[in-house]
Amino acid sequence: MVVETGPLDVRVVPRGDALSVDEVLSRVFYERYSSLVGLARLLLDERDLAEEIVQEAFARTLEGWERVRDKDDPYPYVRRAVVNLSRSGLRRRLLARRRLEAAPDSPSADAVVLADESRREVIAALRELPRRQRECVVLRYYAECSTAEAADVLGISEGSVKTHLHRALASMERTLEGSR
Amino acid sequence: MSFENRLRAELRAEAGEASANWTDVLVTGERLGARRRAQRRRLAALSVAAVIALATLVFAVVPRDESRRVVGQPHGRSAYFVTAEDRQITLRSSVDGSVIKVIRGGFEANNAQYVDVSADGTQVFFMRESTKKHCRGSDMGRAEIVRTPLSGGPTERIAYGIAPIVSPDGRSLAYFEQYCNKPGRTVVLDPVRGSKRTIHDAGGVDRAGLRPLSWSPDGNKLLAEVLPPDAPPSGLVVVDVSGPHPQENYVGGPGFSAPAAFVTEREIAVAMKRGDEYAVVSVAPMRSLDDEKTLFTSPTRPAFLRADPSGRNILIALEADNGYDIRSWSKRDGFRDLGNARMRDFAWARR
Chain A
257 MVVETGPLDV RVVPRGDALS VDEVLSRVFY ERYSSLVGLA RLLLDERDLA EEIVQEAFAR
317 TLEGWERVRD KDDPYPYVRR AVVNLSRSGL RRRLLARRRL EAAPDSPSAD AVVLADESRR
377 EVIAALRELP RRQRECVVLR YYAECSTAEA ADVLGISEGS VKTHLHRALA SMERTLEGSR
Chain B
49 MSFENRLRAE LRAEAGEASA NWTDVLVTGE RLGARRRAQR RRLAALSVAA VIALATLVFA
109 VVPRDESRRV VGQPHGRSAY FVTAEDRQIT LRSSVDGSVI KVIRGGFEAN NAQYVDVSAD
169 GTQVFFMRES TKKHCRGSDM GRAEIVRTPL SGGPTERIAY GIAPIVSPDG RSLAYFEQYC
229 NKPGRTVVLD PVRGSKRTIH DAGGVDRAGL RPLSWSPDGN KLLAEVLPPD APPSGLVVVD
289 VSGPHPQENY VGGPGFSAPA AFVTEREIAV AMKRGDEYAV VSVAPMRSLD DEKTLFTSPT
349 RPAFLRADPS GRNILIALEA DNGYDIRSWS KRDGFRDLGN ARMRDFAWAR R
């Protein structure tokens with residue numbers, strides 16, 4: 257069967273007519289939003305804050321566009337912003353605000369999500385890690401960053417990333433074995 | 049399944065899925081931008097406040113360089129006076145006449161004459177004669193009125209003319225301007241705004257002009273010497289400049305040996321010859337010489353007299369073989385010897 261197609265809808269972008277900041281960043285947003293929220297969720301103890309932090313990271317990238325080194329691919333910049341915001345004072349302020357706003361008897365979102373026992377153990381072991389080790393694990397095994405990329409995001413050397421990863425995995429394995 | 053693969057799977061499951069609208073980011077960006085702008089405004093306001101506080105602290109704490117700013121009026125008298133000499137202005141102590149500082153900047157031209165000091169004590173106004181020949185058939189250079197910081201620095205020409213006298217409030221400068229041999233005029237200049245007001249125009253009258261000598265302490269009257277068209281004798285005129293139309297009051301004729309004259313609080317003081325000595329007397333304007341009151345006498349001729357803004361402290365230049373002997377006099381303290389100088393004029397340095 258031959259399917260006839262109409263003329264291809266190709267929008268020709270004139271040479272030298274670059275995409276706007278809004279277009280570039282919104283494309284990254286729709287492609288990467290979910291994974292960035294996941295990254296923030298794993299770095300934060302309060303998972304509901306993750307979406308706010310990712311949106312804030314995009315908003316800051318938009319505002320500080322002149323500071324983005326690679327204008328064609330701003331994802332590494334946004335990812336670093338997410339990591340930084342997750343650990344920054346903003347997180348503490350948002351947490352405090354959340355605690356004030358939360359109803360005392362509302363059910364915990366964690367309780368619903370962590371139904372699976374195996375996952376609960378892994379996440380519990382992850383949360384027992386020191387902050388830097390936890391960041392390395394999440395970037396490496398969730399965000400699928402290479403050690404070089406993780407080092408760039410965290411602003412540390414690649415060797416340090418490897419060391420943190422090695423210690424983190426050993427620590428998690430010990431924790432998980434102990435919990436059996 | 050290796051631990052690393054298990055970790056990957058569990059982390060993905062834990063992270064879950066999420067969706068959002070780009071518009072939410074734009075709204076967040078707007079909110080963030082507004083917050084940033086407010087922060088910047090607060091920072092700017094704080095910076096201004098900090099600068100003001102720092103400046104206040106510096107002015108309050110850091111001792112000032114006395115040579116940069118003339119301060120202090122011990123016994124109601126300025127601590128310093130300036131003399132216009134050969135190619136220099138000299139700042140001297142009014143205690144013993146010793147030289148505090150010599151200002152030589154900007155004297156490529158001829159000698160300095162007719163000196164006065166700004167009300168805040170930071171600027172010296174004086175006349176200097178340009179080395180350029182100005183009028184046909186005359187070797188005279190053009191008379192410039194210039195000012196220079198007492199702390200030293202560039203000299204700035206502000207007008208062409210002679211005999212600059214700063215008003216007590218420091219806002220006006222009276223002087224006489226004349227182009228070559230044409231009739232001149234006496235003007236009051238606002239050096240800041242650059243506005244000029246003519247208070248006497250010599251055109252078409254029998255006087256060559258009025259040379260300013262002294263301001264009254266209230267700044268409403270100007271004592272001026274009548275410059276005759278030919279040779280002396282001259283006379284004295286008080287010009288009331290408080291109103292829109294200057295009023296002239298002729299004080300007296302050759303009996304007043306101007307420029308040894310000044311305005312006191314209510315009266316005019318002039319030097320007169322009396323027998324073998326000279327007397328500096330005060331008289332009420334428009335009254336006869338019979339109403340005179342002797343302030344002090346001198347065996348030699350007072351060539352220049354200059355009162356401070358209060359009109360109570362007088363600088364006296366007495367003719368001597370090597371220039372002038374300088375003295376100060378006040379009713380309370382009497383005479384004080386301030387040494388000798390080869391000078392052309394002097395003035396109290398004011399606060």
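Those protein sequence lines, which keep their order, are chains A and B.
Counting in the working numbering, the first sequence runs from 257 upward without gaps.
Counting in the working numbering, the second sequence runs from 49 upward without gaps.
The beta carbon of each residue, even a glycine, is placed where N, CA and C say it ideally should be.
Just so we're clear, the structure is a prediction, and the values are computed from it rather than from any experiment.
Closer than 8 angstroms to chain A by CB, residue i
i       : result
S67(B)  : yes
D72(B)  : yes
A63(B)  : yes
T246(B) : no
L59(B)  : yes
L55(B)  : yes
G120(B) : Because the pLDDT at G120(B) is just 33, under 50, the model does not fix this residue reliably, and the value given afterwards should be weighed accordingly. It does not: the Cβ of G120(B) has no partner Cβ on chain A nearer than 8 angstroms.
G200(B) : no
T76(B)  : yes
G81(B)  : yes
E225(B) : no
F173(B) : no
Residue-chain proximity (residue i, chain B), Cβ-Cβ < 8 angstroms
i       : result
A337(A) : no
G434(A) : no
R375(A) : yes
Y333(A) : no
R383(A) : no
A367(A) : Unreliable placement is indicated for A367(A), whose pLDDT of 44 sits below 50; no coordinate value is reported for it.
I379(A) : yes
A371(A) : No answer about A371(A) holds up, because its pLDDT of 49 lies below 50 and its placement is not dependable.
L425(A) : yes
E312(A) : yes
S276(A) : no
L298(A) : yes
R323(A) : no
L341(A) : no
S402(A) : no
R316(A) : yes
Per-residue burial, residue i [other beta carbons within 10 Å of its own, 16 or more giving buried]
i       : result
I364(B) : buried
G294(A) : buried
N69(B)  : exposed
A395(B) : buried
N297(B) : exposed
L105(B) : exposed
T138(B) : buried
E65(B)  : exposed
C401(A) : buried
F383(B) : exposed
L102(B) : exposed
D329(A) : exposed
I374(B) : buried
R396(A) : buried
T203(B) : buried
V147(B) : exposed
C228(B) : exposed
E315(B) : buried
Beta-carbon spacing of residue i, residue j below 8 angstroms
i       : j       : result
E429(A) : F51(B)  : yes
S358(B) : L343(B) : no
T234(B) : I213(B) : no
L292(A) : T317(A) : no
V318(B) : L284(B) : yes
G189(B) : S178(B) : yes
T76(B)  : E312(A) : yes
L298(A) : L59(B)  : yes
P260(B) : Y223(B) : yes
S346(B) : N361(B) : no
E78(B)  : I379(A) : no
Y35(B)  : P350(B) : Nothing about residue 35(B) can be read from this structure; chain B reaches only from 49 to 399.
R195(B) : I206(B) : yes
P216(B) : A250(B) : no
A397(B) : S199(B) : no
heavy atom of the ligand GDP below 7 angstroms from residue i C-beta
i       : result
Q311(A) : Absence of the ligand GDP from the depicted structure is noted, as is the absence of any ligand whatsoever, leaving it without description.
**Item:** Complete runs of the beta strand (DSSP E) confined to the region 130–207 of chain B [at least 3 residues]
**Value:** The region 130–207 of chain B contains these whole beta strand (DSSP E) runs: 136–141, 147–151, 160–165, 171–181, 189–197.
**Prompt:** Are at least three pairs of beta-carbons, each pair with one atom in the region 392–406 of chain A and one in the region 89–99 of chain B, less than 8 angstroms apart?
**Reply:** No contact exists between the region 392–406 of chain A and the region 89–99 of chain B.
**Request:** Answer yes if the region 134–144 of chain B comes into contact with the region 380–394 of chain B, meaning at least three C-beta pairs across the two stretches below 8 angstroms, and no otherwise.
**Result:** Verdict: yes, contact present.
**Request:** Output the residue ranges of the alpha helix (DSSP H) runs that lie fully inside the region 207–264 of chain B and measure 4 residues or longer, sorted by chain position.
**Result:** With a minimum length of 4 residues, no continuous alpha helix (DSSP H) run stays inside the region 207–264 of chain B.
**Item:** Whole runs of the alpha helix (DSSP H) within the region 281–328 of chain A, excluding any shorter than 4 residues
**Value:** For the region 281–328 of chain A, whole alpha helix (DSSP H) runs of length 4 or above, ordered along the chain, are 305–319.
**Prompt:** If we count Cβ pairs, one from each stretch, closer than 8 angstroms, do we get three or more for the region 140–150 of chain B versus the region 163–175 of chain B?
**Reply:** Too few Cβ pairs lie closer than 8 angstroms, so no.
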